[in-house]
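Each number in the working numbering comes from the position in the sequence shown (counting from 1) with 3 added on.
We treat Cβ as the ideally placed atom computed from N, Cα and C, and that holds for glycine.
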Amino acid sequence: MSPAPVERAPGAGAAGPAEAIAPRGPGAAAAPAAPAAPGVPPASASGAPAGGFVRAAAAVVTSTADDYRVDIRSGRHRLAADEPEASGGADTATTPVGLLLSALGSCTAITLRMYAQRKAWPLRTVRVHLGYEKGADKAVRITRRIDLIGDLDEAQRARLLDIAERTPVTRAVTAGTPVVAVDAHPAS
Numbered sequence: 004m005s006p007a008p009v010e011r012a013p014g015a016g017a018a019g020p021a022e023a024i025a026p027r028g029p030g031a032a033a034a035p036a037a038p039a040a041p042g043v044p045p046a047s048a049s050g051a052p053a054g055g056f057v058r059a060a061a062a063v064v065t066s067t068a069d070d071y072r073v074d075i076r077s078g079r080h081r082l083a084a085d086e087p088e089a090s091g092g093a094d095t096a097t098t099p100v101g102l103l104l105s106a107l108g109s110c111t112a113i114t115l116r117m118y119a120q121r122k123a124w125p126l127r128t129v130r131v132h133l134g135y136e137k138g139a140d141k142a143v144r145i146t147r148r149i150d151l152i153g154d155l156d157e158a159q160r161a162r163l164l165d166i167a168e169r170t171p172v173t174r175a176v177t178a179g180t181p182v183v184a185v186d187a188h189p190a191s
């Protein structure tokens, strides 16, 4: 399956050379690996990064007795997901696709807010409207409209829309991040 494209807001374009959003390169301090949530195995049996990867986040998702509802634990936070009644669920929580859109939108809003604060730009609010659309031949795409509320000039607006294309969740979605399934209890 090819990655779902994330559409840029109308009129958005590159506003100059790429700037790092977080410290990178020689001498930049690497963030310590986040501890695994209870029930999540370490990156490798020795605790060392597996294949050069360092775990940056973890979650545990557990099915419940309520048809399709699942309980989610991410760090010290808890939430849930379910399917609508039309799909056999009880509609007690947002859908998994709703959570994906929420992750993309919240990462976009947080990243743009952080960037604007570092630049001391007058960005008051970021509102991200997202849609998950299905097309012919099972094709899907995510649309994202970003409202930047504040007394920003056109160059600042263009730069923020450019930054939105490089948030961590945007990159994970558009790069087609591999998802590796591993049996927690392999046969001996």
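Cβ distance (whole Å) where residue i is taken to contact residue j below 8 Å
i	j	result
T170	C110	5 Å
V73	A62	Not a contact, Cβ separation roughly 11 Å.
R147	V131	6 Å
Y135	L104	6 Å
T98	E86	6 Å
L133	G108	5 Å
Residue i burial status per 10 Å Cβ neighbour count (16 or more: buried)
i	result
D69	exposed
R121	exposed
V57	exposed
A190	exposed
I166	buried
A96	buried
V183	exposed
Identity of the residue in the options nearest residue i by Cα
i	options	result
L115	T180, T128, R76	T128
W124	A96, A106, L163	L163
A161	A59, A119, P99, A106	A119
A59	V172, R144, I152, G108	V172
L102	G91, I75, A112, A93	I75
Item to check | Every unbroken alpha helix (DSSP H) within the stretch 54–138, with a cutoff of 4 residues, ordered by chain | outcome: Contiguous alpha helix (DSSP H) elements confined to the stretch 54–138 occur at 99–122, taking only those with 4 or more residues.
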